[in-house]
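In the UniProt record's numbering, the protein residues as written are 1 to 125.
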């Protein structure tokens, strides 16, 4: 059984929910919960097998400038965005959602194309 935030994050990664909706949801959370969501996103990116060469596309998709701190961190393959100041959290969210979306799409295409039992890949069913 997936937690509500896990469903939302997977819907975002799969394009079932718009980034604007995701940002609105994220920004409505208390700061402590935002930090927990960022930590979960980092774990999801790892599970989806995100790669360093996904970073440029993640930055491009996110709309975050490459010079902003979370983008620089990601470029250096450094995570821990949940420890950044509050004003960097939404940018971090946008970047990590983009990275998760790229990695999860690849994973679904390569490993789950013929169907799978992953609860998070069967949200629209």
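Each residue gets a CB set at the ideal place from its N, CA and C atoms; glycine is no exception.
Handout entry: Residues near residue 77 by beta carbon distance below 7 Å, same chain, minus five either side
Key = As a position in the chain shown, residue 77 is number 77, starting the count at 1. Excluding residues within five positions, the ones whose Cβ falls inside 7 Å are 52.
Handout entry: Buried versus exposed, by CB contacts within 10 Å (16 or more), residue 94
Key = Here residue 94 is taken as the residue at index 94 of the chain shown, counted from 1. Residue 94 should be labelled buried.
Problem - Segment contact flag, the region 98-113 with the region 33-50, C-beta cutoff 8 Å, min 3 pairs - result: Segments in contact, yes.
Handout entry: Among 80, 14, 63 and 30, nearest to residue 48 - alpha-carbon criterion
Key = Here residue 48 refers to the residue found at position 48 of the chain shown. Residue 14 is the option with its Cα nearest to residue 48.
Practice task
Determine contact between the region 73-89 and the region 5-24, defined as no fewer than three beta-carbon pairs at a distance below 8 Å.
Solution key: Contact between the region 73-89 and the region 5-24 is not established, with fewer than three Cβ pairs separated by less than 8 Å.
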